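Visitor:
Residue numbers (full-length UniProt numbering): 1 to 560.
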């Protein structure tokens, strides 16, 4: 006979956030039995043993947003976002339940709504073996992008989510690229610090469900580059855009654009131990690469919300984007959710390509078995022509990490080209005249793990040479003192200087507020694109000032 204090099997429908792409919700059938949460598309599939996924809730951290009726389960390597379609969370506000028990409550109520009569015994706090975390309502509900997801509901007929237990693609062969000598530095002044002493658990658990971009972190958790430089790292494989600009066939051209979109994620493979610096409002970064044929400028144009805008130009292409990130910790995993579109124009053909970015998730943040993955869909469109589109899927399939699959489709959605591979190893296309590797990442430099996992391109990013320094505006990231101190391995001094830089930013904001003024970005302007979305575009002034009067002869912000 079952103990009255032990919840039995409980089942019912909950809404689950889509992963392909990570927008909207669909209804899924969940069952909790002996602490294991399993789900299928519907009850019939479950009865046939067709499972989409399973999670041991005793290993999971749960955060709850009562206002939005969201439940987030983070088991380290598995992360579920669910939503209850009734107000039961409010009724259990005062009860501290285990994760398993809480899910029993939710599923029991959803079943009760369908005519079933179910009972549930709520244990005392002393009986609970797992911690219950209540996420901050205000921060969880604040973003407009999350609210817009509500309109993306689907029923059980959706086929957008593949089974989590299957997936196969042959791996790319060994890398053949060699490290190119650019004449720039190949190491950093100091190795990365040991941050094992940092109380990361306390910091993160105090901010479950919050946007971590607003949380100040100790300097030992940072790497000596900022987000403006991270955006520039996406141009490491700009030669793919050069190739696209000299490819007459529009379908093959799209393949190279897709490879470029994928290549921007490769640097993340070894970068899950540290975070980049958040730029302060008005901070800038330039990058001139004669060897690659482009020049790049970026600026932090907004602080709340944080928005980084950038623009690059060459004889073959223009590249620009404005990105805003939401970083959320769910108990064991950290999700980085970018918004904003990436844009590329090709000068030989007048093409204008636009695409979105996928979600990045760092699993097992608090353990040494930490790893990173990207998941979601990228849709690439040519805004100047409807001849073809491209769909890229960063697959979230257990047992086949880092897999990418893509298709180039014609106007009638017929597949013209297929390509695939792994975002950290290479991309192959088997529908071109000859089976070929479209892209593979450059090999990592010697001792890269002692230098934050940086690629050679990233290693060069913050280099400040004597001939370059007088040409830069004082707002350039290379002149930021706390980031420079970290690069030199001076951790204590970095923390002090970082506090000073952040305090100066707060003081500038207070002064503007007293005057009733707002910060006006210097090199980018806010406008609306063809779809009516707010975007930040380069205003053309940076290179004019640099090439003519020079920044020493004009008024500049004092950021640090």
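Think of the CB as a built atom: it goes at the ideal place given N, C-alpha and C, for glycine as much as any other residue. Here the structure is a predicted model, which is why all the values come from computation and not from measurement.
#1: With 16 as the cutoff for other CB atoms within 10 Å, does residue 160 come out buried or exposed?
#2: Which two residues bound the contiguous beta strand (DSSP E) that contains residue 260?
#3: Roughly how many angstroms lie between the CA atoms of residue 40 and residue 343, to the nearest whole one?
#4: With burial defined as no fewer than 16 other Cβ atoms inside 10 Å of the residue's Cβ, what is the status of residue 503: buried or exposed?
#5: Can you tell me where the alpha helix (DSSP H) holding residue 487 begins and where it ends?
#6: When you compare only the Cα positions, how much space is there between residue 299 and residue 549?
#7: Looking at C-alpha atoms only, which residue of 420, 495, 353, 230 is the closest neighbour of residue 384?
#8: Go to residue 361, then tell me how far its alpha helix (DSSP H) extends in each direction, as first and last residue.
#9: Going by DSSP, what residues sit across from residue 559 in a beta bridge?
#10: Going along the chain, which residues of its own chain have a beta-carbon closer than 7 Å to the beta-carbon of residue 174, five neighbours each way excluded?
#11: So, residue 538 versus residue 311, is the Cβ gap smaller than 7 Å?
#12: Among 499, 501, 526, 494, whose alpha-carbon lies nearest the alpha-carbon of residue 193?
#13: Decide if the region 419 to 435 is in contact with the region 273 to 283; the criterion is three or more beta carbon pairs, one per stretch, under 8 Å apart.
#14: Spatial neighbours of residue 9 within its chain, please: C-beta separation below 6 Å, excluding the five flanking residues on both sides.
#15: Measuring straight from C-alpha to C-alpha, what distance separates residue 444 and residue 319?
#16: Among the residues of its own chain, which have a CB less than 6 Å from the CB of residue 390, if the five just before and after it don't count?
#17: Let me confirm a value: residue 70 is counted as buried when at least 16 other C-beta atoms fall within 10 Å, else exposed. Which label applies?
#18: Give me the residue from 219, 519, 479, 81 with the minimum Cα distance to residue 306.
#19: So residue 439 and residue 237 are supposed to be a Cβ contact under 8 Å. How far apart are they, rounded?
#20: Between which two residues does the beta strand (DSSP E) containing residue 325 stretch?
#21: Among the residues of its own chain, which have a CB less than 6 Å from the CB of residue 80, if the five just before and after it don't count?
#22: Quick check on residue 50: buried or exposed, where buried means 16 or more other Cβ atoms within 10 Å of its Cβ?
#23: Check whether the Cβ atoms of residue 219 and residue 479 sit closer than 7 Å, and answer yes or no.
#24: For residue 82, decide whether its Cβ has a neighbour in chain C, counting only Cβ atoms nearer than 7 Å.
#25: What's the C-alpha gap between residue 60 and residue 78?
#26: In the DSSP output, what is residue 525 paired with across the bridge?
#27: For residue 171, is the classification buried or exposed, using 16 other Cβ atoms within 10 angstroms of its Cβ as the cut-off for buried?
#28: First and last residue of the beta strand (DSSP E) that includes residue 29?
#29: Can you say whether residue 450 is buried or exposed, counting buried as having 16 or more other CB atoms within 10 angstroms of its CB?
#30: Ordered along the chain, which non-local residues of its own chain (more than five positions away) have a Cβ less than 8 Å from that of residue 44?
#31: Under the three-state reduction of DSSP, which class applies to residue 423: helix, strand or coil?
#32: Hey, is the region 259 to 270 in contact with the region 284 to 295, meaning 3+ C-beta pairs nearer than 8 Å?
#33: Rounding to the nearest angstrom, what Cα-Cα distance links residue 38 and residue 66 in this structure?
#34: So what does DSSP say about residue 354, is it helix, strand or coil?
#35: Considering only their Cβ atoms, is the gap separating residue 524 from residue 543 smaller than 7 Å?
#36: Could you tell me how far apart the beta carbons of residue 198 and residue 228 are, in whole angstroms, since I believe they sit closer than 8 Å?
Guide: Checking against the coordinates, here is how it stands:
#1: Counting from one through the chain shown, the residue named residue 160 turns up at place 160. Only weak support is given to the placement of residue 160: the predicted model assigns it a pLDDT of 39, under 50, and the value that follows is read from those uncertain coordinates. Here residue 160 is exposed, its C-beta having fewer than 16 other C-beta atoms within 10 Å.
#2: Here residue 260 refers to the residue found at position 260 of the chain shown. For residue 260, there is no enclosing beta strand (DSSP E); the residue is found in the alpha helix (DSSP H) stretching over 250 to 263.
#3: The residue labelled residue 40 in the question sits at position 40 within the chain shown. The residue labelled residue 343 in the question sits at position 343 within the chain shown. For residue 40 and residue 343, the distance between alpha carbons rounds to 38 Å.
#4: Your numbering for residue 503 matches position 503 in the chain shown. So residue 503 counts as exposed.
#5: Translated into positions along the chain shown, residue 487 becomes position 487. 481 to 487 is the span of the alpha helix (DSSP H), which, as asked, contains residue 487.
#6: Taking the first residue of the chain shown as 1, we reach residue 299 at position 299. Taking the first residue of the chain shown as 1, we reach residue 549 at position 549. Roughly 20 Å separates the two Cα atoms.
#7: Within the chain shown, the letter at position 384 stands for residue 384. Considering only alpha carbons, the answer is 353.
#8: For the purposes of this step, residue 361 is identified with residue 361 of the chain shown, where counting begins at 1. For residue 361, there is no enclosing alpha helix (DSSP H); the enclosing beta strand (DSSP E) covers residues 359 to 363.
#9: Sequence index remark: in the chain shown, residue 559 carries index 559 (1-based). Per DSSP, residue 559 has no beta-bridge partner at all.
#10: Looking up residue 174 in the chain shown gives position 174. Any reading at residue 174 must be qualified, since the residue scores a pLDDT of 35, below 50, and its modelled position is unreliable; the value itself is stated next. A distance below 7 Å between beta-carbons, with the five flanking residues on each side excluded, links residue 174 to no residue of its chain.
#11: Walking along the chain shown from the start, residue 538 turns up at place 538. Walking along the chain shown from the start, residue 311 turns up at place 311. Yes, the Cβ-Cβ distance between residue 538 and residue 311 is below 7 Å.
#12: Walking along the chain shown from the start, residue 193 turns up at place 193. Residue 494 holds the alpha-carbon nearest to the alpha-carbon of residue 193 among 499, 501, 526, 494.
#13: Taking a cut-off of 8 Å on C-beta distances, the region 419 to 435 does not touch the region 273 to 283, as fewer than three cross pairs fall below it.
#14: Counting from 1 along the chain shown, the entry for residue 9 is found at position 9. Around residue 9: 33.
#15: As a working note, residue 444 is residue 444 in the chain shown. As a working note, residue 319 is residue 319 in the chain shown. Separation of residue 444 and residue 319 (C-alpha to C-alpha, rounded to the nearest whole angstrom) is 25 Å.
#16: Looking up residue 390 in the chain shown gives position 390. Taken in chain order, the residues that qualify are 254, 258, 380, 408.
#17: Stepping through the chain shown from its first residue, residue 70 is reached at position 70. Result: buried.
#18: Numbered from its first residue, the chain shown carries residue 306 at position 306. Taking only the C-alpha atoms, the option nearest residue 306 is 519.
#19: The residue given as residue 439 occupies position 439 in the chain shown. The residue given as residue 237 occupies position 237 in the chain shown. Going by Cβ atoms, the distance from residue 439 to residue 237 rounds to 6 Å, so yes, they are a contact pair.
#20: Looking up residue 325 in the chain shown gives position 325. Unbroken beta strand (DSSP E) run through residue 325: 317 to 329.
#21: The sequence position of residue 80 within the chain shown is 80, counting from 1. The answer, listed in chain order, is 73.
#22: The residue you call residue 50 lines up with position 50 of the chain shown. Counting C-beta atoms within 10 angstroms of its own C-beta, residue 50 has fewer than 16 neighbours from the protein chains shown and is therefore classed as exposed.
#23: Here residue 219 refers to the residue found at position 219 when the chain shown is read from its first residue. Here residue 479 refers to the residue found at position 479 when the chain shown is read from its first residue. No, they are not a contact pair.
#24: Protein chain content of the structure displayed is limited to a single chain, and chain C is not contained in it.
#25: Translated into positions along the chain shown, residue 60 becomes position 60. Translated into positions along the chain shown, residue 78 becomes position 78. Rounded to the nearest angstrom, the two C-alpha atoms are 9 Å apart.
#26: What you label residue 525 is simply residue 525 of the chain shown in a count that begins at 1. According to DSSP, residue 525 bridges with 537.
#27: Position 171 of the chain shown, counted from the start, is the residue given in the question as residue 171. With a pLDDT of 35 at residue 171, under the threshold of 50, the modelled position of that residue is not reliable, and the figure given next carries that caveat. Burial call: exposed.
#28: To locate residue 29, count along the chain shown from 1; it is residue 29. For residue 29, the enclosing beta strand (DSSP E) starts and ends at 25 to 33.
#29: Walking along the chain shown from the start, residue 450 turns up at place 450. Classification for residue 450: exposed.
#30: Counting from 1 along the chain shown, the entry for residue 44 is found at position 44. Nothing listed; no residue qualifies.
#31: Residue 423 sits at position 423 when you count from the first residue of the chain shown. Collapsing the DSSP output to three states places residue 423 in coil.
#32: Touching, no.
#33: Sequence index remark: in the chain shown, residue 38 carries index 38 (1-based). Sequence index remark: in the chain shown, residue 66 carries index 66 (1-based). Pairing residue 38 with residue 66, the inter-Cα distance amounts to about 23 Å.
#34: For this step, residue 354 is matched to residue 354 along the chain shown. Reduced to three states, the DSSP call for residue 354 is strand.
#35: Here residue 543 is taken as the residue at index 543 of the chain shown, counted from 1. Here residue 524 is taken as the residue at index 524 of the chain shown, counted from 1. No.
#36: As a position in the chain shown, residue 198 is number 198, starting the count at 1. As a position in the chain shown, residue 228 is number 228, starting the count at 1. Not a contact, Cβ separation roughly 24 Å.
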